[in-house]
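Asks: Those protein sequence lines, which keep their order, are chains A and B.
Just add 56 to the spot in the first sequence (first one is 1) and you have our numbering.
Just add 145 to the spot in the second sequence (first one is 1) and you have our numbering.
Glycine residues also receive a C-beta, built at the ideal position from the N, C-alpha and C atoms.
Below is the structure I would like to discuss, written out as structure tokens.
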Amino acid sequence: GESVGLHLPTLSVQEGDNSIINCAYSNSASDYFIWYKQESGKGPQFIIDIRSNMDKRQGQRVTVLLNKTVKHLSLQIAATQPGDSAVYFCAESRGNTGFQKLVFGTGTRLLVSP
Amino acid sequence: NAGVTQTPKFRVLKTGQSMTLLCAQDMNHEYMYWYRQDPGMGLRLIHYSVGEGTTAKGEVPDGYNVSRLKKQNFLLGLESAAPSQTSVYFCASRDWGVTDTQYFGPGTRLTVL
Chain A
57 GESVGLHLPT
67 LSVQEGDNSI
77 INCAYSNSAS
87 DYFIWYKQES
97 GKGPQFIIDI
107 RSNMDKRQGQ
117 RVTVLLNKTV
127 KHLSLQIAAT
137 QPGDSAVYFC
147 AESRGNTGFQ
157 KLVFGTGTRL
167 LVSP
Chain B
146 NAGVTQTPKF
156 RVLKTGQSMT
166 LLCAQDMNHE
176 YMYWYRQDPG
186 MGLRLIHYSV
196 GEGTTAKGEV
206 PDGYNVSRLK
216 KQNFLLGLES
226 AAPSQTSVYF
236 CASRDWGVTD
246 TQYFGPGTRL
256 TVL
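Quick look at the structure:
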């Protein structure tokens, strides 16, 4: 069936390291992908997005890579900080024009040690 | 600009009681959504609205009703709460445009005993 999933439920890194969080999707028709960060007790917060006509997009300390051949998405966080500790979700946009719904993965917990 | 706000933040209900969760957004967004988040299951869409006066069912609509009488507000109702509805509820909104980015509220933690 169609799904949006994550390879690792928990990722532990040291402060200052680079973090890579992965996501697999199965619907080749999806054309928009978003990464969200969710801190404990808070709602998901938008980090970065990418459209299917792009392979890479950079933000502030974050980069999203999209590999359509293997239907894989990754979020890279440079110089990870303790404040980056959170659960990270990828979301896939699919649906008909006019209304598109997001399908969310279950999340990866990022733990950053000082 | 408060973004998306939700009230209440916490609530405990007994089985069979009813309640309404309120979501408000001040970004003039057309689309609004209600999700529930359960451990290990990610966010699941309950109901959504594509504009004032419209509502539609999402992935898990049973046991919930919604109303969008004003563009800025989206209400989620539980007519007869059940323990299976214990969850964290998130509201989100999105503008009509080229992006599908949804902006989320802080959530409501609901416990049904």
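Give the interface partners of ASP105 (chain A) over in chain B, defined as CB-CB distance under 9 Å, in chain order.
Replies: THR244, ASP245, THR246
Asks: Go to ALA226 (chain B), then tell me how far its beta strand (DSSP E) extends in each direction, as first and last residue.
Replies: Going by DSSP, ALA226 (chain B) is part of no beta strand (DSSP E) at all; its letter is neither H nor E.
Asks: Less than 8 Å separating the beta-carbons of TYR88 (chain A) and ASP105 (chain A)?
Replies: yes
Asks: Under three-state DSSP, which class holds GLY187 (chain B)?
Replies: strand
Asks: Should GLY139 (chain A) be flagged as near chain B, meaning a C-beta pair shorter than 8 Å?
Replies: In terms of beta-carbon proximity, GLY139 (chain A) stays away from the interface with chain B, with every pair separated by 8 Å or more.
Asks: Where PRO206 (chain B) and GLY97 (chain A) are concerned, what is the direct C-alpha to C-alpha distance, given to the nearest angstrom?
Replies: Distance between PRO206 (chain B) and GLY97 (chain A), taken at the CA atoms: about 24 Å.
Asks: Using a Cβ-Cβ distance under 8 Å, would SER149 (chain A) count as near chain E?
Replies: No chain E is present in this structure, whose protein chains are A and B.
Asks: Which residues in chain A have a C-beta closer than 7 Å to the C-beta of LEU190 (chain B)? List them in chain order.
Replies: Per Cβ cutoff of 7 Å: LYS157.
Asks: Straight-line CA distance for ARG181 (chain B) to SER232 (chain B)?
Replies: 6 Å
Asks: Closest by CA to GLU197 (chain B), which one among B:GLY187, B:ARG213, B:THR256?
Replies: B:ARG213
Asks: Which residues in chain B have a C-beta closer than 8 Å to the C-beta of THR162 (chain A)? List them in chain order.
Replies: GLY185, MET186, GLY187
Asks: According to DSSP, which residues form a beta bridge with HIS192 (chain B)?
Replies: Bridge partners of HIS192 (chain B): B:TRP179, B:LYS202.
Asks: With a threshold of 8 Å between beta-carbons, can PHE155 (chain B) be considered close to chain A, or not?
Replies: no
Asks: Where DSSP assigns a beta bridge to THR125 (chain A), which residues make up the other side?
Replies: Paired residue(s): none; THR125 (chain A) is not in a bridge.
Asks: Quick one: does GLY250 (chain B) have its CB under 8 Å from some CB of chain A?
Replies: Yes, contact with chain A.
Asks: So THR253 (chain B) packs on ARG189 (chain B), CB below 8 Å; how close in whole Å?
Replies: Here THR253 (chain B) is actually not in contact with ARG189 (chain B); their C-beta atoms are around 15 Å apart, not less than 8 Å.
Asks: Under 8 Å between beta-carbons, which chain A residues line up against PHE235 (chain B)? List them in chain order, please.
Replies: GLY99, PRO100
Asks: Applying the 10 Å Cβ sphere with the 16-neighbour rule, what's the burial state of LEU258 (chain B)?
Replies: exposed
Asks: Can you find a C-beta in chain B that's less than 8 Å from the C-beta of ILE77 (chain A)?
Replies: With a threshold of 8 Å between beta carbons, ILE77 (chain A) makes no contact with chain B.
Asks: Using a C-beta cutoff of 8 Å, does TYR88 (chain A) count as contacting chain B?
Replies: yes
Asks: Ends of the beta strand (DSSP E) at TYR209 (chain B)?
Replies: It is not in any beta strand (DSSP E) - TYR209 (chain B) carries neither H nor E in the DSSP assignment.
Asks: If you drop the 5 nearest sequence neighbours on each side, which residues of the same chain put their C-beta closer than 8 Å to that of VAL69 (chain A)?
Replies: SER75, THR136, LEU166, LEU167, VAL168, SER169
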